[in-house]
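S.K.: Protein chains in written order, with my numbering: chain Z, 1428 to 1719; chain L, 111 to 376; chain B, 69 to 424.
C-beta: ideal position from N, C-alpha, C; glycine also.
The structure displayed is predicted, hence computed values, not measured ones.
Supplied in structure tokens, the structure appears directly below.
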Amino acid sequence: MEFFLQLLINGISIGFLYGLAALGFVMIFKSSSVLNFAHGELVAIGAFLFLTLVTSAKIPVLLAFPLTLAGTFALGFLIERVFLRPLIGESLIFVIMLTLGLASMFKGIMLFVWGGNLYMFPDFLPSWLSFRGAGIYVPPVYVLSTAVGLVFLVLFGFFFKYSSQGIYMRSVADNQPAALSLGVNVRRVFALSWAIAALVAAMSGIVLGIINGINVHDLTSIGMKVFPVVILGGLESIGGAILGGLIIGLLETFTGGYLSPSLRDVIPYAVLVVILLVRPYGLFGLVEIERV
Amino acid sequence: MTEKLLQVNNISVVYSDVVQVLKGVSLSVERNRIVSLLGSNGAGKTTTLKAISGLLKPENGKVTDGSITFIDTDIANAAPEDITRKGIIQVLEGRQPFKYLTVEENLRVGTAALREKPGPEKLAMIYDYFPALVKRRKSLAGYCSGGELQMMVIGRALMAQPALLLLDEPSLGLAPLVVKEIFGIIKRINEEQGTTIILVEQNARMALRIAHFGYVMENGKIVMEGKAEDLQENPDIREFYLGTKADGERKSYDNVKAYKRRKRWL
Amino acid sequence: MARLQFHPCGNYRESYGEELRIFETDYGRAALLAGLVLLFAVVPFISSAYFLYVINLAGIAVIGAVGLNILIGFTGQISLGHGAFIGVGAYGAAILATSLHLPLFLAVPLAGCVTAAVGMIFGIPSVRLKGLYLAIATLAGQFIIEYVLIQWEGLTKGTMGIVLPQATLFGLPISGDRGFFYLIFALAVFMTWTAKNLFRTRSGRAFMAIRDNDRAAEGMGIPVFPYKLLAFGISSFYAGVAGALWAYYTMSITPEPFNLDLSIEYIAMVIIGGLGSITGSVFGALFISGLNEILRSLFDLLTNLPLLQGMELNPAALRQFVFGLAIVLFILFEPKGLAEVWRVVRSNFRLWPFSY
Chain Z
1428 MEFFLQLLIN GISIGFLYGL AALGFVMIFK SSSVLNFAHG ELVAIGAFLF LTLVTSAKIP
1488 VLLAFPLTLA GTFALGFLIE RVFLRPLIGE SLIFVIMLTL GLASMFKGIM LFVWGGNLYM
1548 FPDFLPSWLS FRGAGIYVPP VYVLSTAVGL VFLVLFGFFF KYSSQGIYMR SVADNQPAAL
1608 SLGVNVRRVF ALSWAIAALV AAMSGIVLGI INGINVHDLT SIGMKVFPVV ILGGLESIGG
1668 AILGGLIIGL LETFTGGYLS PSLRDVIPYA VLVVILLVRP YGLFGLVEIE RV
Chain L
111 MTEKLLQVNN ISVVYSDVVQ VLKGVSLSVE RNRIVSLLGS NGAGKTTTLK AISGLLKPEN
171 GKVTDGSITF IDTDIANAAP EDITRKGIIQ VLEGRQPFKY LTVEENLRVG TAALREKPGP
231 EKLAMIYDYF PALVKRRKSL AGYCSGGELQ MMVIGRALMA QPALLLLDEP SLGLAPLVVK
291 EIFGIIKRIN EEQGTTIILV EQNARMALRI AHFGYVMENG KIVMEGKAED LQENPDIREF
351 YLGTKADGER KSYDNVKAYK RRKRWL
Chain B
69 MARLQFHPCG NYRESYGEEL RIFETDYGRA ALLAGLVLLF AVVPFISSAY FLYVINLAGI
129 AVIGAVGLNI LIGFTGQISL GHGAFIGVGA YGAAILATSL HLPLFLAVPL AGCVTAAVGM
189 IFGIPSVRLK GLYLAIATLA GQFIIEYVLI QWEGLTKGTM GIVLPQATLF GLPISGDRGF
249 FYLIFALAVF MTWTAKNLFR TRSGRAFMAI RDNDRAAEGM GIPVFPYKLL AFGISSFYAG
309 VAGALWAYYT MSITPEPFNL DLSIEYIAMV IIGGLGSITG SVFGALFISG LNEILRSLFD
369 LLTNLPLLQG MELNPAALRQ FVFGLAIVLF ILFEPKGLAE VWRVVRSNFR LWPFSY
């Protein structure tokens, strides 16, 4: 029973992180219909940037954190400007391939700078964040990840539902020519969505780095794990991303705990195929409204 | 007479650097008027509108010659964001709703071009023009009927408080009764809000009824212009666009003279 | 009918046969023949063992890339699982050769058939999915196949890998790079030729109709789903043959090379070569294989420089970066790929000095 509870809690915290990573992915997809295969690299870059700021530059954590977020925000903006803007209106395969190429480039750069070793953050989380009771122990970082996940979920929910910029972003995703005809600044929407996505990715990268340590290969593989999450939740849905993350996180930890650790990494994809066959637009995705 | 709001001067439009669609189109629009642009498919009506609203660029089109003057600035080949900010809003052909947004959210997107967002009274005004939208305000636009969508997209454009509204075939695929209702509302908007409107239509009869002035396009050129009443009386217009001959007799392709007359237009 | 000696300056085609012709003039045919003679009679005898090895790998890549282009470039179904299918082919051939002791001339096509069957199974999601959802489904296929290759130890011997017997063809042992050169390139030429002709047939046209507009294709009476499956099948067959040749050539296989990176590499070949161009995929495969080798030797050069001796350089880093950069640059600046470059160069020569 205690084992079960421990797995449950681990699963939920990991799930929130997956959800968070998926959130950025959904942001980009929602506004510009780009499937970002370089998302794992964005996650990793965030973690490494934070690591460098904290350990090499010796900047205090509380300052390094906003600096990292600002840096990745700018990076996201830049990626959109330089690489994706010329591709607006090109067919899907080119966009997919471009992000795959970018992923490869970023991974190369990161391997070049930091190598393939495993790094650890210095322990900086206060112990009052942890939770102990009923025979289980929740380390502070799991509490942190859950809190961060919840806060961002609410924030983004409000942003897309009520703010003007959020509605513009959705309108661009929906019908680009029409948005253009009404004077929505499409280019700004794209750039903004990439910037926010990179920021959220960095966020989940930092927390994941605290849990598992920082390693280029491990963190970039999160990018591929995002796919089952977003398909489960539906590519368009913020709430779905978080929920999909939770489901995948729990599924992984329970398979790892009870069945076999090697099955852990494929189970999400097996689930993914089944879901795609049964409900092609995910659990919360929008059914494609096709009117001719 | 009133002042000129828009002056299109001898423009040529070329798509992908190869296909010339407009060959020297000139038209002028006076403030507070409805000007209708008629012509068959492929005559270049939509291209003319897109040249004005700047939406040629995403389709790889360009104004290669001539000028488009709005009030007193040249807006040929300007970015659509800038043009909409000046107050020219185009309602695209085929409605183009944001399917996954609710009707009210659709209307809110209309304010994108405005620096200061208008308050709820603006929404109330739209609902006043289009009462059919009130009970659909919370439902997804993708599930609305064609008539409701057309009203919604016109309303959406009105949210931007346009000085010049470009309407591209608002009657497309709608029941005659709905068309009549929408055209009535267009006329009301023009009269009450003082919005200048360029109306592109296949339905020449309807368009000429509410327009003040009309242009007829064929093959990328303006072939005829005049007051709406005059056009309605013109025997060629009556025959080719309204489907009736002056004497009411049914048209026949055997009639060589009519064919020759038609040829002269093209 | 008299053959045209020069390109006509206009469209003078009078029948569908003329429209479908591969070579417009006899010169094109002669040039191709000369190229083939050069390839088979001269190349294997003048090149070093290392160069021959590189060329052989490139030949295998040509088969795989042509197969993937049939699926992506001609049918419009994006597949991110091509690398895994090549793995299935490699393992298929290895298992057929070791457990059932089948000879090469049976094992290779059978491995192709097995892969085609697997490919069709993973093509089933295309009934309901298209575009990016299908891409993600094939991505899942990639991971599932990878997992099976590693974990089904009874069949694949897991990470230990399988060692293949000496390749023989009708009693003759195929040994050395030169022997394999003939086997690989005979198959590569034959399969490229088949693919080129596939798109002059009814099925090929159905594929292209589905790519251009699947709804319209369905409306015209093309059974879309069976054709999509067929495309998956044909494409996977090519992958299977490529994998089988790879297995025989390298003599021992493990599951590692058949990962997502291989899939991406193949898509890169297809895109850099040019979507929807068979000639293009040949160029793309040669380009990527060449790039891989150049990067490898460049890296060896770098590590031997005294200046960089002390630094801990990462070979994977450089390769990853340059590879990604190549893809990005091609997509941004020549999205039609090498096929388009080739066409422009050719027509520049043909039209010189009056290039309009």
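#1: In the DSSP assignment, what are the bridge partners of residue 96(B)?
#2: Report yes if the C-beta distance between residue 138(B) and residue 1519(Z) is below 9 Å; otherwise report no.
#3: To the nearest angstrom, report how far apart residue 1436(Z) and residue 1565(Z) are at their CA atoms.
#4: Please state whether DSSP places residue 218(L) in a helix, a strand or coil.
#5: Taking C-beta pairs closer than 7 Å, name the residues in chain L that residue 1662(Z) reaches, listed in chain order.
#6: Bridge partners for residue 183(L) per DSSP, in chain order?
#7: Which of helix, strand or coil does DSSP assign to residue 174(B)?
#8: What runs of the beta strand (DSSP E), each 3 residues or longer, lie entirely inside the stretch 1428-1481 of chain Z?
#9: My assumption, with CB atoms under 8 Å, is that residue 266(L) sits in contact with residue 258(L). Please give the rounded CB distance.
#10: Near residue 1514(Z), what residues of its chain come up, given a Cβ to Cβ distance below 7 Å and the 5 sequence neighbours on each side ignored?
#11: In the stretch 331-353 of chain B, which residues sit with their C-beta less than 8 Å from some C-beta in chain Z, listed in chain order?
#12: Listed in chain order, which residues of the stretch 142-174 of chain B have Cβ atoms closer than 7 Å to some Cβ of chain Z?
#13: Does any residue of chain B bring its CB to less than 9 Å from the CB of residue 1534(Z)?
#14: My parser needs the beta strand (DSSP E) runs of 3 or more residues fully inside the stretch 1532-1608 of chain Z; what are they?
#15: Leaving aside the five residues before and after residue 412(B) along the sequence, list all residues of the same chain whose C-beta is less than 7 Å from its C-beta, in chain order.
#16: Using a beta-carbon distance below 9 Å, is residue 1523(Z) in contact with chain B?
#17: When you check each C-beta in the stretch 186-206 of chain B against every C-beta of chain Z, which residues fall closer than 8 Å?
#18: Would residue 1641(Z) count as contacting chain B if we go by Cβ distances under 9 Å?
#19: Looking at the C-beta of residue 1454(Z), does it have a partner C-beta in chain D at a distance below 9 Å?
#20: At the 9 Å Cβ level, is residue 1538(Z) part of the contact set with chain B, yes or no?
#21: So the candidates are 347(B), 395(B) and 362(B); which of them puts its Cα closest to the Cα of residue 407(B)?
#22: Using 9 Å as the limit for Cβ to Cβ distance, is residue 177(B) near chain Z?
#23: Whose C-beta lies closer than 6 Å to the C-beta of residue 337(B) among residues of the same chain, with five residues either side of it excluded?
#24: Identify whether residue 128(L) lies in helix, strand or coil by the three-state DSSP scheme.
#25: Just to confirm my understanding: we take residue 1444(Z), look at its own chain, exclude 5 residues before and 5 after, and list those with CB closer than 6 Å. What are they?
#26: Do residue 132(L) and residue 122(L) have their CB atoms nearer than 9 Å?
#27: Just how far apart, CA to CA, sit residue 1580(Z) and residue 191(L)?
#28: Go ahead and pull the three-state DSSP assignment for residue 111(L).
#29: Buried or exposed: residue 1689(Z), going by 16 or more other Cβ atoms within 10 Å of its Cβ?
#30: So if DSSP puts residue 119(L) in a beta bridge, which residue, or which two residues, is it bridged to?
#31: Could you give the DSSP three-state label for residue 326(B): helix, strand or coil?
#32: Using the beta-carbon of each residue, which ones in chain B are nearer than 8 Å to residue 1658(Z)?
#33: What residues of chain L sit near residue 1597(Z), judged by a beta carbon separation below 9 Å?
#34: Quick check on the burial criterion: 16 or more other C-beta atoms within 10 angstroms. Buried or exposed for residue 1501(Z)?
#35: Return yes when the Cβ of residue 1503(Z) is within less than 9 Å of the Cβ of residue 1378(Z), no when it is not.
#36: Report yes or no: do three or more beta-carbon pairs, one from the stretch 133-141 of chain L and one from the stretch 323-334 of chain L, lie closer than 8 Å?
M.R.: Put simply:
#1: The sequence position of residue 96(B) within the third sequence is 28, counting from 1. Looking at the DSSP output, residue 96(B) shares a beta bridge with no other residue.
#2: The count along the third sequence starts at 1 and reaches residue 138(B) at position 70. The count along the first sequence starts at 1 and reaches residue 1519(Z) at position 92. For the 9 Å CB-CB criterion, residue 138(B) and residue 1519(Z) do not form a contact.
#3: For this step, residue 1436(Z) is matched to residue 9 along the first sequence. For this step, residue 1565(Z) is matched to residue 138 along the first sequence. Using only the alpha carbons, I get a separation of about 8 Å.
#4: The sequence position of residue 218(L) within the second sequence is 108, counting from 1. Correct three-state label for residue 218(L): helix.
#5: Position 235 of the first sequence, counted from the start, is the residue given in the question as residue 1662(Z). Within chain L, no residue comes near residue 1662(Z); the closest Cβ sits about 12 Å away, beyond 7 Å.
#6: For the purposes of this step, residue 183(L) is identified with residue 73 of the second sequence, where counting begins at 1. Answer is 180(L), bridged to residue 183(L).
#7: Along the third sequence, one-based indexing puts residue 174(B) at 106. Shown here, residue 174(B) sits in a helix according to DSSP, grouped into three states.
#8: Uninterrupted beta strand (DSSP E) stretches at least 3 residues long and entirely within the stretch 1428-1481 of chain Z do not occur.
#9: Taking the second sequence and counting its residues from 1, one reaches residue 266(L) at position 156. Taking the second sequence and counting its residues from 1, one reaches residue 258(L) at position 148. Not quite, the Cβ-Cβ distance comes to about 12 Å (not below 8 Å), so this is no contact.
#10: Residue mapping note: residue 1514(Z) aligns to position 87 of the first sequence, counting from 1. The answer, listed in chain order, is 1521, 1522 and 1525.
#11: For the stretch 331-353 of chain B, residues whose beta-carbon sits nearer than 8 Å to a beta-carbon of chain Z comprise 332, 335, 336, 339 and 343.
#12: Residues of the stretch 142-174 of chain B whose Cβ lies closer than 7 Å to any Cβ of chain Z, in chain order: 146.
#13: Here residue 1534(Z) refers to the residue found at position 107 of the first sequence. The C-beta of residue 1534(Z) comes closer than 9 Å to at least one C-beta of chain B.
#14: Complete beta strand (DSSP E) runs here, min 3: 1558-1560 and 1563-1565.
#15: Within the third sequence, numbered from 1, the residue matching residue 412(B) stands at position 344. Around residue 412(B), the same chain offers no residue with a beta carbon nearer than 7 Å, after the five sequence neighbours per side are excluded.
#16: Within the first sequence, numbered from 1, the residue matching residue 1523(Z) stands at position 96. Yes - at least one Cβ of chain B is within 9 Å of the one on residue 1523(Z).
#17: Within the stretch 186-206 of chain B, those residues whose Cβ lies closer than 8 Å to any Cβ of chain Z are, in chain order, 192, 193, 196, 197, 199, 200, 201, 203, 204 and 205.
#18: The residue given as residue 1641(Z) occupies position 214 in the first sequence. Cβ-Cβ to chain B under 9 Å: no for residue 1641(Z).
#19: Absent from the structure is chain D; the protein chains it does hold are Z, L and B.
#20: One-based indexing of the first sequence puts residue 1538(Z) at position 111. Yes, its Cβ sits closer than 9 Å to a Cβ of chain B.
#21: Numbered from 1 along the third sequence, position 339 holds the residue referred to as residue 407(B). Cα-wise, what sits closest to residue 407(B) is 347(B).
#22: Counting from 1 along the third sequence, the entry for residue 177(B) is found at position 109. At a cut-off of 9 Å between beta-carbon atoms, residue 177(B) makes no contact with chain Z.
#23: Numbered from 1 along the third sequence, position 269 holds the residue referred to as residue 337(B). Closer than 6 Å at the Cβ level, and outside the excluded window around residue 337(B), lie 133, 352, 353 and 356.
#24: The residue you call residue 128(L) lines up with position 18 of the second sequence. Residue 128(L): coil per DSSP, three-state reduction.
#25: Here residue 1444(Z) refers to the residue found at position 17 of the first sequence. Within the same chain, 1572, 1631, 1634 and 1635 come within 6 Å of residue 1444(Z) by CB-CB distance, once the 5 residues on both sides are set aside.
#26: Within the second sequence, residue 132(L) is the residue found at index 22, counting from 1. Within the second sequence, residue 122(L) is the residue found at index 12, counting from 1. Yes; because the gap between Cβ atoms is below 9 Å, this pair is in contact.
#27: Mapped onto the first sequence, residue 1580(Z) falls at position 153. Mapped onto the second sequence, residue 191(L) falls at position 81. Computed Cα separation, rounded: 31 Å.
#28: Stepping through the second sequence from its first residue, residue 111(L) is reached at position 1. Caution is warranted here: a pLDDT of 47 is assigned to residue 111(L), below 50, making its placement in the model unreliable, and the coordinate value is therefore given only provisionally. Reduced to three states, the DSSP call for residue 111(L) is coil.
#29: Reading the first sequence from its first residue, position 262 is the one you call residue 1689(Z). When all chains shown are included, residue 1689(Z) counts as exposed.
#30: Counting from one through the second sequence, the residue named residue 119(L) turns up at place 9. Note: residue 119(L) sits in a beta bridge opposite 177(L).
#31: For the purposes of this step, residue 326(B) is identified with residue 258 of the third sequence, where counting begins at 1. Correct three-state label for residue 326(B): coil.
#32: The count along the first sequence starts at 1 and reaches residue 1658(Z) at position 231. Correct list: 201 and 204.
#33: Within the first sequence, numbered from 1, the residue matching residue 1597(Z) stands at position 170. The contacting residues are 208, 210, 211, 215 and 219.
#34: Counting from 1 along the first sequence, the entry for residue 1501(Z) is found at position 74. Exposed.
#35: Outside the displayed range of chain Z (1428 to 1719) lies residue 1378(Z), so it cannot be described from this structure.
#36: By the Cβ rule, the stretch 133-141 of chain L counts as touching the stretch 323-334 of chain L, because three or more pairs are nearer than 8 Å.
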